[in-house]
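Undergrad:
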Amino acid sequence: MLQLEPLRFSWPDCENDCLHLPKLTIKPGQHVGLVGDNGAGKSTLIKLIAGLLQPRRGHVLWQQQAIDKIPAQQRCGLIGILFQEPENQLLHSRVDNEVNLVMKQLGWPQSKIERHRSDILAQLELTQYAQCHPLDLDAGKRRMVTLASIAVAQPAILLLDEPSRDFDRHNLALLEQFLAEQRQRGTTIINISHDLEFVARNCDRVLHLQQGKITADGTPVQTLSHPALQACTELPSPSLWSLRHQLGLDRTNNHKD
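Residues in the sequence shown are numbered consecutively from 1, following full-length UniProt numbering.
Here it is, written out as structure tokens:
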């Protein structure tokens, strides 16, 4: 279970907290969407969860252990993080070697590495690109390669920044199927997205952040029809989801904390 004790975070040159969050609990298998304007604190939050930043106050806990106290090698098997610009985290000149990276860091035997690599490349339709340079692929394929590399070791937590960007309809469906399968295995997924339709289809809980604070926390329909999000200037109007709710067409599960 992922727990965020009341968190405060500020940058060194900033007098005021840029993130001020209450206690949150995120259960295994939940898919949580983070929505809000640019600068609301979404990317800062996932970096805090990943242990890449340390809060000024509070803790991020996994199974009652502070994530930033977990050794880096162990943490890379616990958490997979996809940044908004995936090419910035691609390190190898071949797709297969890129996918091998985390498993080698974890000290897996070669036979296990090859089996897991083969499985995830097939699952994400990347097998034919195994010997290609990742940067020679189009933006969607680069994002898919990065997803494969962070998910191949089956981490307990996936942190995804704009995961649906750059995908055509086929690859978007492939991504959504993959994320659903991860949830069935109990993986906790937290994603940032400006694509509210993607959020509504895939998340069972949505948090709206505004100026570093959570203004709404609930099911997709509850959060996407919240007045705080309707006033958000950089996101599409969620009136469609409000209408679906009014018509009783909400097919999402209610969030129970």
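The C-beta atom is built at its ideal place from N, Cα and C for all residues, glycine as well. Computed from a prediction, not measured in an experiment: that's the story for all the values here.
So Leu-101 and Ser-149 are supposed to be a Cβ contact under 8 Å. How far apart are they, rounded?
TA: Indeed they touch by this definition, with Cβ atoms about 6 Å apart.
Undergrad: Reducing DSSP to helix, strand and coil, say where Ser-242 ends up.
TA: Residue placement at Ser-242 is poorly supported in this model, since its pLDDT is 49, which falls under 50; the coordinates still yield a value, given next. DSSP places Ser-242 in helix when its eight states are reduced to three.
Undergrad: Any idea if Lys-256 is buried or exposed, counting beta-carbon neighbours within 10 angstroms, 16 or more meaning buried?
TA: In this prediction, Lys-256 scores a pLDDT of 42, lower than 50, which makes its location untrustworthy; the coordinate-derived value is nonetheless stated afterwards. Lys-256 comes out exposed.
Undergrad: With DSSP as the reference, label Gln-3 as helix, strand or coil.
TA: Correct three-state label for Gln-3: strand.
Undergrad: Tell me whether Leu-7 counts as near the ligand COA, meaning its Cβ is closer than 7 Å to at least one heavy atom of that ligand.
TA: Here there are no bound small molecules, and the ligand COA is not part of this structure.
Undergrad: When the Cα of Val-145 is compared with those of Ala-228, Ile-113, Ile-190, Leu-90, which residue comes out closest?
TA: Ranking the options by Cα distance to Val-145, first place goes to Leu-90.
Undergrad: Compare the Cα-Cα distances from Leu-34 to each of Asn-191, Ala-200, Asn-202 and report the closest residue.
TA: When only C-alpha atoms are compared, the closest one is Asn-191.
Undergrad: With a threshold of 7 Å on Cβ separation, who are the neighbours of Leu-175 within its own chain once the five nearest residues in sequence on each side are excluded?
TA: If we look at Leu-175 and ignore the five residues flanking it on each side, its Cβ neighbours are Pro-163, Ser-164, Phe-167.
Undergrad: Leaving out the 5 sequence neighbours to the left and right, which residues in its chain are closer than 8 Å to Gln-210 when beta-carbon positions are compared?
TA: Contacts found: Gly-36, Asp-37, Ala-40, Ala-228, Cys-232.
Undergrad: Can you confirm whether the segment 184-198 touches the segment 112-130 when touching is taken to mean that 3 or more C-beta pairs between the two stretches lie within less than 8 Å?
TA: They do not touch, by the three-pair rule.
Undergrad: Considering only the beta carbon of each residue, do Leu-82 and Leu-160 sit closer than 8 Å?
TA: For Leu-82 and Leu-160, yes; Cβs fall inside 8 Å.
Undergrad: Can you grab the Cα-Cα spacing for the pair Trp-23 / Ser-93, in whole Å?
TA: Looking at the sequence provided, one finds Lys at residue 23 rather than Trp. Approximately 42 Å between the Cα atoms of the pair.
Undergrad: Just to confirm, are Leu-207 and Asp-217 a CB contact at a threshold of 8 Å?
TA: Taking 8 Å as the Cβ cut-off, Leu-207 and Asp-217 qualify as a contacting pair.
Undergrad: By a C-beta neighbour count over all protein chains shown, 10 Å radius and 16 as the cutoff for buried, is Lys-141 buried or exposed?
TA: Buried, since its Cβ has 16 or more Cβ neighbours within 10 Å.
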